[in-house]
Amino acid sequence: MQALWMIAASFLFACMGVCVKFAAQTHSAVEITFYRSFISLILMFGLVRLRGVSLRTPHWRWQVTRGAVGFSALFSYFYAITLLPLATAVTLNYTSAIFLALYLGFAGMQMRRGMLGALVLGLVGVVMLLKPTFQADQLVGGLIGLGSGVLAGMAYFSVRELGARGEPETRTVFYFSLVSSIGAAMWLIFSDIHVVDLHSGLLLLGVASFATVAQLAMTRAYSRGKTLMSAALAYSTVIFSSLFGMLFWGEVLDASAWLAIALIILSGIAATHFSRANPAESD
Numbered sequence: 212m213q214a215l216w217m218i219a220a221s222f223l224f225a226c227m228g229v230c231v232k233f234a235a236q237t238h239s240a241v242e243i244t245f246y247r248s249f250i251s252l253i254l255m256f257g258l259v260r261l262r263g264v265s266l267r268t269p270h271w272r273w274q275v276t277r278g279a280v281g282f283s284a285l286f287s288y289f290y291a292i293t294l295l296p297l298a299t300a301v302t303l304n305y306t307s308a309i310f311l312a313l314y315l316g317f318a319g320m321q322m323r324r325g326m327l328g329a330l331v332l333g334l335v336g337v338v339m340l341l342k343p344t345f346q347a348d349q350l351v352g353g354l355i356g357l358g359s360g361v362l363a364g365m366a367y368f369s370v371r372e373l374g375a376r377g378e379p380e381t382r383t384v385f386y387f388s389l390v391s392s393i394g395a396a397m398w399l400i401f402s403d404i405h406v407v408d409l410h411s412g413l414l415l416l417g418v419a420s421f422a423t424v425a426q427l428a429m430t431r432a433y434s435r436g437k438t439l440m441s442a443a444l445a446y447s448t449v450i451f452s453s454l455f456g457m458l459f460w461g462e463v464l465d466a467s468a469w470l471a472i473a474l475i476i477l478s479g480i481a482a483t484h485f486s487r488a489n490p491a492e493s494d
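Numbering (the numbering used here), first residue to last: 212 to 494.
Structural data, given as structure tokens:
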């Protein structure tokens, strides 16, 4: 059942990506980020109240930092989706597992040989994946997609630190949504705002809804299943995204791109395994 929860989460994340790509036809990446964050903020406020979790926090600096980095990662990811094939953008964002392992190493965690091998493998995969991007004159999109992975890894490191300090997950997600909403709203003051009609409204609602339900399914999979298996199955988002890309936009990746994706997936799974604090926890 836990495997099914993770596969369901991956499918829903891919559905979110489809909604983002369609919504980008009428709305900017920052608008999509705002609506996704604001709707999530409303939902999380209701959940926090329902569970009786206090919003007062002694770690507000960490919460603000996590929110700011998370907002930057989310915007970069959505922007990359508008510029790249869906599977490519998703894969570059999923380099977050590799960068999280690096941040843990910088924070003092001992780097095992297996971890170093995973990082090298991931780097090779990224270079291979960006090579066809260069040839397709999509350098900016590729770098933004990779940047989303760098920032997402940093955000996950902040979440890990907040959890170690005893912050409830619902409170952390609430502040992430709050900071992201404020950041996007401030950006929108200096940007063009497009009218939301029924069609685009449903797409924007889909972005937020798919993301929220996917987060819940992913949390259930990680909390009740084997961590390494869940991490591996999370990459099925790339498969679903590729299928959606072919179905809706005729996007077809060549053999070298798929080989690069496979290397990044293997690297991410290995990084997840070797970055675990206690070797005895291995699945």
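Where a beta carbon is used, it is the ideal one built from N, C-alpha and C, also for glycine.
Euclidean distance between Cα positions of residue i and residue j
i: Ser411; j: Ile243; result: 10 Å
i: Ala422; j: Gly319; result: 33 Å
i: Phe310; j: Thr302; result: 13 Å
i: Ser420; j: Ser251; result: 8 Å
i: Arg376; j: Phe485; result: 23 Å
i: Pro296; j: Glu462; result: 6 Å
i: His405; j: Ala240; result: 12 Å
i: Met227; j: Leu477; result: 24 Å
i: Leu341; j: Tyr314; result: 23 Å
i: Val231; j: Arg371; result: 27 Å
i: Ser467; j: Gly336; result: 10 Å
i: Gly325; j: Ala481; result: 8 Å
i: Phe286; j: Leu414; result: 17 Å
i: Ala298; j: Leu350; result: 16 Å
i: Leu399; j: Val259; result: 27 Å
i: Val331; j: Gly394; result: 35 Å
i: Leu362; j: Tyr386; result: 17 Å
i: Gln469; j: Met339; result: What sits at residue 469 in the sequence shown is Trp, not Gln. Distance between the alpha carbons of Trp469 and Met339: 10 Å.
i: Asp408; j: Asn304; result: 30 Å
i: Leu266; j: Leu416; result: 25 Å
i: Ile450; j: Leu373; result: 32 Å
i: Asp465; j: Met457; result: 12 Å
i: Gly316; j: Leu327; result: 10 Å
i: Phe282; j: His238; result: 17 Å
i: Asp403; j: Arg262; result: 38 Å
i: Phe401; j: Ala329; result: 42 Å
Closest residue to residue i among the options (Cα-Cα distance)
i: Phe289; options: Ser392, Thr483, Ala235, Val331; result: Ala235
i: Ala428; options: Thr306, Leu444, Leu416; result: Leu444
i: Ser307; options: Gly364, Arg267, Gly263; result: Gly364
i: Leu215; options: Ser447, Leu470, Asp465; result: Ser447
i: Ser452; options: Arg431, Ala312, Ala300; result: Ala300
i: Val418; options: Leu266, Leu261, Gly263, Ile292; result: Ile292
i: Thr430; options: Ala329, Thr381, Phe368; result: Thr381
i: Val390; options: Ser402, Ile253, Gly316; result: Ile253
i: Phe530; options: Met457, Ala312, Ser402; result: The requested residue 530 does not occur in the structure, where the chain is confined to residues 212 to 494.
i: Phe233; options: Leu294, Phe401, Ser402, Phe317; result: Leu294
Beta-carbon proximity check, residue i vs residue j, cutoff 8 Å
i: Ser388; j: Met255; result: yes
i: Gly479; j: Gly257; result: no
i: Ala366; j: Val280; result: yes
i: Ala442; j: Thr383; result: no
i: Ser359; j: Ala284; result: yes
i: Phe542; j: Ala219; result: With the chain covering only 212 through 494, there is no way to say anything about residue 542.
i: Leu223; j: Ala425; result: yes
i: Val229; j: Phe459; result: yes
Residue i beta carbon near the ligand SAH (any heavy atom closer than 7 Å)
i: Leu261; result: No copy of the ligand SAH appears in this structure; indeed no ligand is present at all.
Okay, do the segment 259-275 and the segment 349-360 touch, 3+ Cβ pairs below 8 Å being the bar? no
Answer yes if the segment 466-480 comes into contact with the segment 245-259, meaning at least three C-beta pairs across the two stretches below 8 Å, and no otherwise. no
Is it true that the segment 376-391 meets the segment 256-275, where meeting means three or more beta-carbon pairs spaced less than 8 Å apart? yes
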